[in-house]
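Student: Quick mapping for you: the protein sequence lines, in order, are chains A and B. In short: position in the first sequence from 1, add 204, done, that's this note's numbering. In short: position in the second sequence from 1, add 204, done, that's this note's numbering. A virtual CB, placed ideally from N, CA and C, is assigned to each residue, including glycine. Before anything else, here's the structure in question.
Number of protein chains: 2
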Amino acid sequence: MLDQAVEVASRVGLAGLTIGSLANQVELSKSGLFAHFKSKEQLQIQVLQHARESFTDQVVRPAVAAQRGEPRLRTLFERWLVMARESAPGCLFVSAATEFDDQPGSVRDQLVRDHKDLMESIAQMFRAAVSEGQLSEQADPEQFAHDLYAVMLGYFHALRLIQDPAAERRTRRAFENLLSQAKS
Amino acid sequence: MLDQAVEVASRVGLAGLTIGSLANQVELSKSGLFAHFKSKEQLQIQVLQHARESFTDQVVRPAVAAQRGEPRLRTLFERWLVMARESAPGCLFVSAATEFDDQPGSVRDQLVRDHKDLMESIAQMFRAAVSEGQLSEQADPEQFAHDLYAVMLGYFHALRLIQDPAAERRTRRAFENLLSQAKS
DNA sequence: GCGCCGACAGCACGATCGTGCTTATTCTGG
DNA sequence: CCAGAATAAGCACGATCGTGCTGTCGGCGC
C-alpha cells in the first residue's frame, strides 16, 4: 500500500497526493484507507519514511557492502543513478523538498533530518576514502556531500523535466570531476 | 497583480497556487480575478512568463551588461545568488520544475523551453570566455551550463529547505571549482 | 449625452478535499 | 465457540476547488 502511495506521490507530489485518489488506486474506500493514517500529515510522513527505507535498501546498503573508500563512493553514486532513473522513491525526496521548503511542520522536519543524515553518511564515506589514501586530506567531506547532492539534483532535473538524452553522461562527468578534484 | 501571484506561487508552488487564495491576496473577487485569465492553466503560464521576465531583468541582463568573458559569467552567478536568496521568482522555477516534470501540458512545455534558452545563454557566455582565451578550448560549454544549474539547484536546496548557513560558501566554492576546472 | 465595452462582484454549479461517526465483516486469542 | 479487536465500508459534514452566468458599474468614443 505504501509502495503505491510512494509511486503516486512521486508523480503528483507529496502535497498533491490526495487521500481520495490514493484510495482509488489501492481500490479501497476513502474512509477505509483514512483509518490507517490518522491524518493526512501522518500519511505524508509514513510515505516519506517508506521512501527513505527504499533509498537505504537500494542505494546506501549496497554502498556500505562495497569496498571501503573510493569504490564505496562509486557504488553509492551508481546505485543512486539507477534509483533516480527507474524507481519512484528517488524522485519523491527532491519533489517533496521543494514543496515543503517553506511550509513548516513535521513533514519538513523529517525531510531536513533525513537529508542531514544522508549528507553525514556521504561525508563519512568520503573520510574513509581519505584515510585510505585515495583522496586528498585537504578535501572537505561536507563540501563533497553537498556537491554530490547538487549533481544528483541536476540529474533529476535533466532527466525528468528536460528528458535530456545527455543527462546521464553529463552527470557522470560531473561526478568524475568532483572525485578528481578531491584527489588533488 | 502578477507580482503577487509569483510571490505566493513561490511559497506554495505553481500547482498549489489557487485562484481563490490569489484573489484573496490581491483583494479581488474570485470571479473578478478569473476573468483576467481564461483558465487556471493560462494563469500558471502567465505567472511563469512574468517570473521569467524578472529573471531576465535581474540576472541575465546585468550579466550581458558586464564585460564579455569570465566577468560576465561571474556577474551572472552573483546575480543568480542574490535572486535565489531574496527574490521569489528564482524559487518558482525550481519548484515548478519538480511539480510539472511528469505531467505533460503547456506549462511543462514552457518550462522546458525556458530552461533550454537559459542553458543556451550560459553556454554562449562560456564560449565567449573561451574565445577570449580565459577558458580552455577543451572545456564543454553545455556541460558547464548543466553543472552550473546543478550548483544552483544545490544552493536552493541548502538555502531554503536545510537553511544551512554554509550554503552560500559551499555554492561559491562549487562555482570556483567549476571555473578552475574549465581553465585547465 | 448616450451607448458601449471592459473590469469587477455576486451567486451558483458540481466535484473533490480532509475528516469524522456509525455500521458490517473478518480475524484472532482464550 | 465466542468475545473482542482489527479492518473495512457507507454516509455526511463543511470547506474549497475551477468555472460559468448575470448584473453593475465607470470610463471613453461618437
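If we count Cβ pairs, one from each stretch, closer than 8 Å, do we get three or more for the stretch 333-352 of chain B versus the stretch 236-253 of chain A?
Tutor: Touching, no, given that fewer than three Cβ pairs across the two stretches are closer than 8 Å.
Student: Considering just the uninterrupted stretch of the alpha helix (DSSP H) at B/PRO369, what are its terminal residues?
Tutor: Residue numbering aside, residue 369 of chain B sits at position 165 when the second sequence is read from its first letter. Careful: B/PRO369 lies outside any alpha helix (DSSP H) and carries neither H nor E.
Student: Is there contact here, the stretch 301-310 of chain A with the stretch 311-318 of chain B, by at least three beta-carbon pairs under 8 Å?
Tutor: No, the stretch 301-310 of chain A is not in contact with the stretch 311-318 of chain B.
Student: Residues of chain A with CB closer than 8 Å to the CB of B/ILE366, please, in chain order.
Tutor: Taking the first residue of the second sequence as 1, we reach residue 366 of chain B at position 162. Correct list: VAL316, HIS319 and LYS320.
Student: At 7 Å on the CB atoms, spell out the chain A contacts of B/GLN385, in chain order.
Tutor: Taking the second sequence and counting its residues from 1, one reaches residue 385 of chain B at position 181. The contacting residues are ASN381 and GLN385.
Student: Please tell me whether B/ALA301 and B/MET356 are closer than 8 Å, where the distance is taken between their beta carbons.
Tutor: Stepping through the second sequence from its first residue, residue 301 of chain B is reached at position 97. Stepping through the second sequence from its first residue, residue 356 of chain B is reached at position 152. Contact: no.
Student: With H, G and I counted as helix, E and B as strand and the rest as coil, what does DSSP make of A/THR375?
Tutor: In the first sequence, counting from the first residue as 1, residue 375 of chain A sits at position 171. In this structure, A/THR375 counts as helix in the three-state DSSP scheme.
Student: Closer than 7 Å by beta-carbon distance: list the chain B residues that pair up with A/ASP306, in chain order.
Tutor: Looking up residue 306 of chain A in the first sequence gives position 102. ARG215 and ARG364, listed in chain order.
Student: Helix, strand or coil: which one does DSSP assign to A/GLY273?
Tutor: As a first step, residue 273 of chain A must be located in the first sequence, where it is residue number 69. Of the three classes helix, strand and coil, the one that applies to A/GLY273 here is coil, per DSSP.
Student: Pick from A/ASP306, A/PHE281 and A/LEU352: whose alpha carbon is nearest that of B/ALA292?
Tutor: By one-based count along the second sequence, residue 292 of chain B stands at place 88. Answer by Cα proximity: A/ASP306.
Student: Cα separation between A/CYS295 and A/PRO275?
Tutor: Here residue 295 of chain A is taken as the residue at index 91 of the first sequence, counted from 1. Here residue 275 of chain A is taken as the residue at index 71 of the first sequence, counted from 1. Rounded to the nearest angstrom, the two C-alpha atoms are 25 Å apart.
Student: In whole angstroms, what is the alpha-carbon distance linking B/SER384 and A/PHE379?
Tutor: For the purposes of this step, residue 384 of chain B is identified with residue 180 of the second sequence, where counting begins at 1. For the purposes of this step, residue 379 of chain A is identified with residue 175 of the first sequence, where counting begins at 1. Their Cα atoms are separated by approximately 16 Å.
Student: Is it the case that the Cβ atoms of B/LEU363 and A/VAL316 are separated by a distance below 8 Å?
Tutor: Residue 363 of chain B sits at position 159 when you count from the first residue of the second sequence. Residue 316 of chain A sits at position 112 when you count from the first residue of the first sequence. Cβ distance not < 8 Å, so B/LEU363 and A/VAL316 don't count as in contact.
Student: Find out if the Cβ-Cβ distance for the pair A/LEU339, A/PHE330 is shorter than 8 Å.
Tutor: Locating residue 339 of chain A in the first sequence gives position 135, counting from the first residue. Locating residue 330 of chain A in the first sequence gives position 126, counting from the first residue. Yes.
Student: Output, in chain order, the set of chain B residues within a Cβ distance shorter than 9 Å of A/SER225.
Tutor: To locate residue 225 of chain A, count along the first sequence from 1; it is residue 21. Neighbours of A/SER225 on chain B: none; closest Cβ ~13 Å, over 9 Å.
Student: In chain B, which residues lie less than 7 Å from A/GLY220 when you measure between Cβ atoms?
Tutor: As a position in the first sequence, residue 220 of chain A is number 16, starting the count at 1. Within 7 Å Cβ-Cβ: ALA219.
Student: Looking only at C-alpha atoms, which of A/ASP207, A/THR279 and A/SER214 sits nearest to B/GLU303?
Tutor: In the second sequence, the residue the question calls residue 303 of chain B occupies position 99. When each option's Cα is compared against that of B/GLU303, the closest is A/SER214.
Student: Does DSSP classify B/THR260 as helix, strand or coil?
Tutor: The sequence position of residue 260 of chain B within the second sequence is 56, counting from 1. Reduced to three states, the DSSP call for B/THR260 is helix.
Student: In whole angstroms, what separates the C-alpha of A/PRO369 from that of B/LEU232?
Tutor: Position 165 of the first sequence holds residue 369 of chain A. Position 28 of the second sequence holds residue 232 of chain B. One C-alpha to the other measures close to 45 Å.
Student: Measure the Cβ-Cβ separation of B/GLY470 and B/LYS234 and say whether it is below 8 Å.
Tutor: What is shown of chain B runs 205 to 388, which leaves residue 470 of chain B out entirely.
Student: Alpha carbon to alpha carbon, what distance is there between B/ALA270 and B/ARG278?
Tutor: The sequence position of residue 278 of chain B within the second sequence is 74, counting from 1. The sequence position of residue 270 of chain B within the second sequence is 66, counting from 1. Near 9 Å, if we compare the C-alpha coordinates of B/ALA270 and B/ARG278.
Student: Listing by chain order, which chain A residues have their CB less than 7 Å from the CB of B/ARG377?
Tutor: As a first step, residue 377 of chain B must be located in the second sequence, where it is residue number 173. Those are GLN347, listed as they occur along chain A.
Student: Helix or strand or just coil, what does DSSP make of B/ASP321?
Tutor: Counted from its first residue, the second sequence places residue 321 of chain B at position 117. In the structure shown, B/ASP321 sits in a helix (DSSP, three-state: H, G or I).
Student: Please report the straight-line C-alpha distance between A/ASP344 and A/GLU324, rounded to a whole angstrom.
Tutor: Working through the first sequence from its first residue, we reach residue 344 of chain A at position 140. Working through the first sequence from its first residue, we reach residue 324 of chain A at position 120. C-alpha separation (whole angstroms): 12 Å.
Student: What residues in the stretch 267-280 of chain B have a beta carbon less than 8 Å from any beta carbon of chain A?
Tutor: Residues passing the 8 Å Cβ filter: none.
Student: So which residues on chain B does A/VAL355 lean against when the C-beta distance must stay under 7 Å?
Tutor: Locating residue 355 of chain A in the first sequence gives position 151, where the first residue counts as 1. Going along chain B in sequence order, the residues near A/VAL355 (Cβ under 7 Å) are ALA354.
Student: By the DSSP assignment, the alpha helix (DSSP H) with A/PHE297 in it spans what residues?
Tutor: Start at 1 with the first residue of the first sequence, and residue 297 of chain A comes out as number 93. Looking at the DSSP string, the run of the alpha helix (DSSP H) that includes A/PHE297 is 292-303.
Student: Just verifying my parser: in three-state terms, what is the DSSP assignment at B/SER233?
Tutor: Mapped onto the second sequence, residue 233 of chain B falls at position 29. Of the three classes helix, strand and coil, the one that applies to B/SER233 here is coil, per DSSP.
Student: Determine whether the beta carbon atoms of B/ALA327 and B/ALA354 lie at a separation below 8 Å.
Tutor: What you label residue 327 of chain B is simply residue 123 of the second sequence in a count that begins at 1. What you label residue 354 of chain B is simply residue 150 of the second sequence in a count that begins at 1. In this structure, B/ALA354 does not lie closer than 8 Å to B/ALA327 by Cβ.
Student: Is the CB-CB distance between A/TRP284 and A/VAL263 below 8 Å?
Tutor: Counting from 1 along the first sequence, the entry for residue 284 of chain A is found at position 80. Counting from 1 along the first sequence, the entry for residue 263 of chain A is found at position 59. Cβ distance < 8 Å, so A/TRP284 and A/VAL263 count as in contact.
Student: Below 8 Å on C-beta distance, what does A/GLY337 contact in chain B?
Tutor: What you label residue 337 of chain A is simply residue 133 of the first sequence in a count that begins at 1. What A/GLY337 touches in chain B: nothing, since even the nearest Cβ is about 22 Å away.
Student: Between the stretch 242-255 of chain A and chain B, which residues of the former have CB atoms less than 8 Å from a CB of the latter, in chain order?
Tutor: So the list is empty, because no residue satisfies the distance condition.
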